[in-house]
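Engineer:
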Amino acid sequence: MEFANFPFLSAILLSCVVGLLVILFIPEDRKMLIKWVSLIFSGITMVLSIYLFFAYDKSQGGLQFVEKVLWVESMGIYYFNAADGFNLPMLLLTGIVLFTGTLTMWELENRVKEFFALTFLLVAGVFGVFMSMDLFFIFVWYDVSLFPMYPLIAIWGSTRKEYGAMKLTLYLLAGSALILPGIIYLFVNSGLNTFDVVALMQPGTFTPFQQKFAFILLYLGFGILAGVWPFHTWSPVGHVAAPTSVSMIHAGVLMKLGAFGVLRVAIFLCPEGWQYWAQLMAVLATCGIVYGAFVGLAQTDLKYVIGYSSVSHMGIVGLGLATVTVDGLNGAVFQMFAHGVMTALLFSSVGYIYDRTHTKMIPELGGLSRTMPIASGYFILAALAGIGVPCLASFWAELLVFISAFKTYPIRGALAIFALVVGALFMLRVVQRTFYGEKNEKFAHIPDVPFGLGIPRMILVAVIVLFGLFPSVMLDVIQVASIPFISGLP
Amino acid sequence: MKLWMLFIPELYFLLTAAAFFGLAMLARPNPRRDYFAALFLGGVGVVVALACVKLEGTLFFEAYRVDLFSQVFKAMLSMGFFLVVCLCTELNGIEERHHPEFYLFLTTCTLAMMMLVSSVELLTIYVALELSSYSLYILVPLRRGHGIDVEAGIKYLMVGASASAVMLFGLSYIFGVTHTTYVVEIIQVLPSIITTPAAIVGLLLTLCGFFFKLAVFPFHFWAPDVYQGAANQVTAYIATASKVAAVAIIMRMVALSGGTSAYLVDVLVTLSIASMTLGNLVAIVQKDMKRLLAYSSISHAGYVLIGILSMNTTGYASAIFYALAYLVMNLCCFLVVVKVAHDGSDLKIAQLAGLHRRSPLLAMTLMLAVFGLAGIPPTIGFTGKFLVFTAAMEQGYIALVIIAMINATISLYYYILVVKAAYLLEPDEELPRLAVSMPTKVLAGVLVTIMVVFGVFPHHLLEVALAAARVLM
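For the record, the sequence lines run as chains A and B. Going by numbering that gives the first Met the number 0, the first residue of the first sequence is number 0, and it counts up by one from there. Going by numbering that gives the first Met the number 0, the first residue of the second sequence is number 0, and it counts up by one from there.
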């Protein structure tokens, strides 16, 4: 058992679990109390994740804040949490999205207790996957984060919610049906009787064939959650059906869980498999980018637009991972973070508009910027971030990915850049038709975002701008992990 | 230590049976008295069985062995008996004057299964198996009712009798090729001749008798009808304790082959895949909760077989772990079935609508149990599946593991339908809140705690299972 000092990572998990338990013991009709308790516990996780991000010693690098306890001796399972350059941005993202998501749902009145209890269960799983360094726990947390999605979407959602929830759950659990055999395959064939990722990462643990075989299982399994084309079809449907904060957590954080799983499990343990399958990954990623952009062009539902732009943007993450370069990895991880914050802001703005107007069809809205300038401002800013406008976080991430992709795969890189232009076109078209143009008198009486409800959106805007102006704050942390990893490749 | 002390758990249950026999003779029915007697005797039974876990030795001319393997299963069986009795507060499915008989045959069945897991001689095994079967043949048609119970009883008897006949035939083959009925001697002879047709056919036919108990394809036909036709509490018993005993004896018999027969493995793999797939696919269309659980039990028989057919220590240990996990999860489901259908009727899945408001506790218990059956962490069901798959992967059965995982995903669909009914659907007419008594709340709390705690901290349980499995090797 080794603890550097205070177990910060476990504290994050504990604040989720304790929050969940406290909510379970509050009577159902004390709705305000439940919201405040959720806000306090999600605030604790956010503060802790921000602290960790800045307390990480970049000059030393490697794994820090290590917590390691032997869990099941006969199977070599460890409770092993650690932070490195790859998962710190993800922890920060989760903390921010959880906190802002809780604030966004402040107006919820229906079955409040169950909603926040399930949200905390979901987020505990997400944090667990990001911080765990033990395959068994990664899988356990992964599944813990998936199954609350069903009730969250099916009970509080909209637009074909039961269909969307069932489709999403079955797709994602079909993914874990590939991951579990992959993990057990690696465990058995290592001969080390351990699930410790660090121990299994030693070069020479697995033969090239084993790496290629396990990689494809793990890549497809986690890839389903990352929205890899052609397994992305659950994602727009699920996003559209989900309630606002669940869309935020889901598109903002949960899809990153899949990409992060590809990185942490598949790429870390099977680097040779990674190099072998990189071509395929690049093809699928490019397809996703192009497909997402073009299908998005045809949508009339605001949430579908965001859903398909997510498919496109997650394709950029996949393309970055497929380049097998330092820049590509940096860009991919940065893009996970930037896209997470940006999508959260998009869904959060649409959520406000939908709650007031009860429609998210673009033709019905129109001219919203005159009735709700602030709400429109949030959406437009997030849309600009998605397009990749300089000085906003996504710009740097997309730039890094496209430069390295263009070097490694010129044709696919060019296609992706072309798709990005199309994507920009469709986003601008959406902005133009929703927020400018003819004013719809039906919505003229609706008040703009009040200050209280504006707080979560402001936080997200601040994060996007901050990391857009100072990308090195993020890149310096990621590089600490990516440079040694790439140089250590066989 | 006196030799008879090895036999204490069985003696205890024999005396319990005698007590209920006495109660059955009394003229005036008194359900409260019968229930509390059963509850008390069952509770003491668990304590007795747990106290005897460490005993070791042989009895009755070496035909009966008491070791960690058998004692662990006896503890599980006594727990199953006790928990099923806990569900009998409102035994409305059975006429009041038959209550003592109900408890009597429940006790004899438990006694018989305890003898079954300890028997190491073919004829003793057969006698124990038949005693348990006959108790169930009587319990199934005991239901107060509309004839469906009689149909179920006859079906059960017919399929059971045929399985017994097939099994006796197989036993005769084994005796023929090995010239002995003692398992200890068979295990020395059989692995060397397991490639001969007579030996493999004998072993397989013998296994058929036990596959019937576990409801493995193609001996599963009785399960849906019997589950639906029997009283809810009887179904709970068949679905839990009876399955645990079947897992134990199948392990004992498969271990006879010494793990050297590729034929046996092939057959078991086929049966396992067929059971999983058939159970899961047919379960999707079920409308009745008990029938759904019946098909789910058929598919779970397939998962357990994966652990058994791995034929290594991890495999047997995982099967033991899985049996316990299955016992707890299924009892949770039946707790909800019994409480929601408190008049003793069958429970349709649609009748679960609005359960989250009628009783949040029962709804949560059901959700966790059902997700446990689907193999979702952090429940004991996931840990069980994880161990089973690890054992199979150690033997290199990658395809089998992937097929099993795909099956688990299919099964998730109908389990989610149950959760959906309990949490999402609203009943046509407003139903009153369910009155859940304090003991029921405690029972649900304990079962849920066991399910989650052993799912998250499997270490100690796994050590016990591994130790028990080593006895078998």
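C-beta atoms are modelled at their ideal positions from N, C-alpha and C, and glycine is treated no differently.
1) Name, in chain order, the residues that DSSP records as bridge partners for phenylalanine 346(A).
2) Buried or exposed: tryptophan 35(A), going by 16 or more other Cβ atoms within 10 Å of its Cβ?
3) To which residues of the same chain is glycine 84(A) closer than 7 angstroms at the C-beta, ignoring the five residues directly before and after it?
4) Going along the region 404-416 of chain B in order, which residues come within less than 8 angstroms of chain A, judged by CB to CB distance?
5) With distances taken Cα to Cα, identify the nearest neighbour of valine 122(A) among Pro147(A), Glu108(A), Leu107(A).
6) Which same chain residues, not among the five before or five after methionine 0(A), have their C-beta less than 6 angstroms away from its C-beta?
7) Could you check whether the region 274-287 of chain B touches the region 427-445 of chain B, counting it as contact only if at least three pairs of C-beta atoms, one from each stretch, sit closer than 8 angstroms?
8) With a threshold of 6 angstroms on Cβ separation, who are the neighbours of alanine 292(A) within its own chain once the five nearest residues in sequence on each side are excluded?
9) With distances taken from CA atoms, which of Phe53(A), Phe267(A), Phe5(A) is nearest valine 65(A)?
10) Under the rule that 16 or more other beta-carbon atoms within 10 Å means buried, what is lysine 302(A), buried or exposed?
11) Please report whether the beta-carbon of isoleucine 11(A) lies at a distance below 7 angstroms from any beta-carbon of chain B.
12) Got a sec: is the Cβ-Cβ distance from alanine 153(A) to anything in chain B below 7 angstroms?
13) By a C-beta neighbour count over all protein chains shown, 10 Å radius and 16 as the cutoff for buried, is tryptophan 183(B) buried or exposed?
14) Extract the residue ranges of the alpha helix (DSSP H) inside the region 138-172 of chain A, only unbroken runs of 4 or more that lie entirely within it.
15) Could you round the C-beta distance between serine 157(A) and alanine 240(A) to whole angstroms and report it? I think they count as a contact, below 8 angstroms.
16) Using a Cβ-Cβ distance cut-off of 7 angstroms, determine whether proline 180(A) contacts chain B.
17) Got a sec: which bits of the region 60-73 of chain A sit with their beta carbon under 8 angstroms from any beta carbon on chain B, in order along the chain?
18) Smallest Cα separation from valine 400(A): which of Gly260(A), Ile288(A), Leu87(A)?
19) Under 7 angstroms between beta-carbons, which chain A residues line up against proline 439(B)? List them in chain order, please.
20) Among Gly487(A), Met371(A), Ala415(A), which has the Cα closest to the Cα of tryptophan 438(A)?
21) Kindly indicate which three-state DSSP category glutamate 1(A) falls into: helix, strand or coil?
22) Taking just the CA atoms, how far does tryptophan 273(A) sit from isoleucine 266(A)?
23) Report the CB separation of cysteine 332(B) from alanine 368(B) in whole angstroms; it is logged as a contact under 8 angstroms.
24) Identify whether tryptophan 105(A) lies in helix, strand or coil by the three-state DSSP scheme.
25) So what does DSSP say about phenylalanine 85(A), is it helix, strand or coil?
26) With glutamate 523(A) as the anchor, note down where its beta strand (DSSP E) starts and where it stops.
27) Taking only beta-carbon positions, decide if valine 57(B) is within less than 7 angstroms of chain A.
28) Decide if serine 191(B) is buried, meaning its Cβ has at least 16 other Cβ atoms within 10 Å, or exposed.
29) Just to confirm the assignment: which complete beta strand (DSSP E) runs, minimum length 3, are found wholly within the region 383-410 of chain B?
30) I want to verify the contact list: residues of chain B whose CB lies under 7 angstroms from the CB of proline 150(A), in sequence order.
31) Measuring CB atoms only, is the region 3-17 of chain B touching the region 106-124 of chain B, in the sense that at least three cross pairs come out at less than 8 angstroms?
32) Between valine 139(A) and chain B, is the shortest Cβ-Cβ distance under 7 angstroms, so that the two count as touching?
33) In its own chain, which residues sit with a C-beta less than 7 angstroms from the C-beta of phenylalanine 2(A), not counting the 5 before and 5 after it?
34) When the cut-off is 7 angstroms and only beta carbons count, does valine 143(A) lie next to chain B?
35) Does the distance from the C-beta atom of asparagine 231(B) to that of valine 337(B) stay below 7 angstroms?
36) Strictly below 7 angstroms CB to CB, what residues from chain B border leucine 97(A)?
Structural biologist: Quick answer:
1) Position 347 of the first sequence, counted from the start, is the residue given in the question as residue 346(A). Under DSSP, no beta-bridge partner is assigned to phenylalanine 346(A).
2) Residue mapping note: residue 35(A) aligns to position 36 of the first sequence, counting from 1. Exposed.
3) Working through the first sequence from its first residue, we reach residue 84(A) at position 85. So the list reads Val476, Ile477, Gln478, Val479, Ala480, Ser481, once near-sequence residues are dropped.
4) Met404, Ile405, Ala407, Thr408, Leu411, Tyr412, Ile415
5) Along the first sequence, read from residue 1 onward, the residue named residue 122(A) stands at position 123. When each option's Cα is compared against that of valine 122(A), the closest is Pro147(A).
6) In the first sequence, residue 0(A) corresponds to position 1, counting from 1. Summary for methionine 0(A): the model assigns pLDDT 42, below 50, so the residue's position carries little reliability, and this model does not support an answer.
7) no
8) What you label residue 292(A) is simply residue 293 of the first sequence in a count that begins at 1. Hits under 6 angstroms: Ser311, Ala418, Val421, Gly422.
9) As a first step, residue 65(A) is located in the first sequence; it is residue number 66 there, counting from the start. Measuring from the Cα of valine 65(A), the nearest candidate turns out to be Phe5(A).
10) Counted from its first residue, the first sequence places residue 302(A) at position 303. It counts as buried.
11) Taking the first residue of the first sequence as 1, we reach residue 11(A) at position 12. By this cut-off, isoleucine 11(A) is not an interface position.
12) Counting from 1 along the first sequence, the entry for residue 153(A) is found at position 154. Yes, contact with chain B.
13) Within the second sequence, the letter at position 184 stands for residue 183(B). Per the sequence presented here, residue 183(B) reads as valine, with tryptophan not at that position. By the neighbour-count criterion, in which a residue is buried when 16 or more other Cβ atoms sit within 10 angstroms of its Cβ, valine 183(B) is exposed.
14) 148-155
15) As a working note, residue 157(A) is residue 158 in the first sequence. As a working note, residue 240(A) is residue 241 in the first sequence. Contact holds; Cβ gap of about 7 angstroms.
16) Indexing the first sequence from 1 puts residue 180(A) at position 181. Against chain B, the CB of proline 180(A) has a partner CB under 7 angstroms away; the residue lies at that interface.
17) Trp70, Val71, Glu72, Ser73
18) As a first step, residue 400(A) is located in the first sequence; it is residue number 401 there, counting from the start. Answer by Cα proximity: Ile288(A).
19) Sequence index remark: in the second sequence, residue 439(B) carries index 440 (1-based). The amino acid occupying residue 439(B) in the given sequence is threonine; proline does not appear at that position. Result: empty, since nearest Cβ-Cβ is about 19 angstroms, beyond 7 angstroms.
20) Here residue 438(A) refers to the residue found at position 439 of the first sequence. It should be noted that the sequence gives lysine, not tryptophan, for residue 438(A). Among Gly487(A), Met371(A), Ala415(A), the Cα nearest to that of lysine 438(A) belongs to Met371(A).
21) By 1-based counting over the first sequence, the position of residue 1(A) is 2. Since pLDDT at glutamate 1(A) reaches only 46, below the 50 mark, its modelled position is unreliable, and no value is offered.
22) Reading the first sequence from its first residue, position 267 is the one you call residue 266(A). Reading the first sequence from its first residue, position 274 is the one you call residue 273(A). Near 6 angstroms, if we compare the C-alpha coordinates of tryptophan 273(A) and isoleucine 266(A).
23) Here residue 332(B) is taken as the residue at index 333 of the second sequence, counted from 1. Here residue 368(B) is taken as the residue at index 369 of the second sequence, counted from 1. Correct: roughly 5 angstroms between the Cβ atoms.
24) Translated into the one-based positions of the first sequence, residue 105(A) becomes position 106. Tryptophan 105(A): helix per DSSP, three-state reduction.
25) Here residue 85(A) corresponds to residue number 86 of the first sequence, with the count starting at 1. It is coil, neither helix nor strand.
26) Only positions 0 to 489 of chain A appear in the structure, and residue 523(A) is not among them; the question remains open.
27) On the second sequence, residue 57(B) is found 58 positions in, with the first residue counted as 1. The question names valine, but residue 57(B) in the sequence shown is threonine. Closer than 7 angstroms: no.
28) The sequence position of residue 191(B) within the second sequence is 192, counting from 1. Answer is exposed; the Cβ neighbour count stays below 16.
29) The region 383-410 of chain B contains no whole beta strand (DSSP E) run of 3 or more residues.
30) As a working mapping, residue 150(A) is identified with position 151 in the first sequence. The contacting residues are Tyr422.
31) yes
32) By one-based count along the first sequence, residue 139(A) stands at place 140. Valine 139(A) counts as touching chain B.
33) To locate residue 2(A), count along the first sequence from 1; it is residue 3. Because phenylalanine 2(A) sits at a pLDDT of 47, beneath the cut-off of 50, its placement in the model cannot be relied upon, and the following sentence gives the value as read from the coordinates. Counting only Cβ-Cβ distances below 7 angstroms, and skipping sequence neighbours, we find Glu66.
34) Taking the first residue of the first sequence as position 1, residue 143(A) is located at position 144. So yes, valine 143(A) belongs to the interface.
35) Working through the second sequence from its first residue, we reach residue 231(B) at position 232. Working through the second sequence from its first residue, we reach residue 337(B) at position 338. Yes, Cβ-Cβ distance for asparagine 231(B) and valine 337(B) is below 7 angstroms.
36) The residue labelled residue 97(A) in the question sits at position 98 within the first sequence. Chain order gives no chain B residues near leucine 97(A), where near means a beta carbon separation below 7 angstroms; the closest approach is about 20 angstroms.
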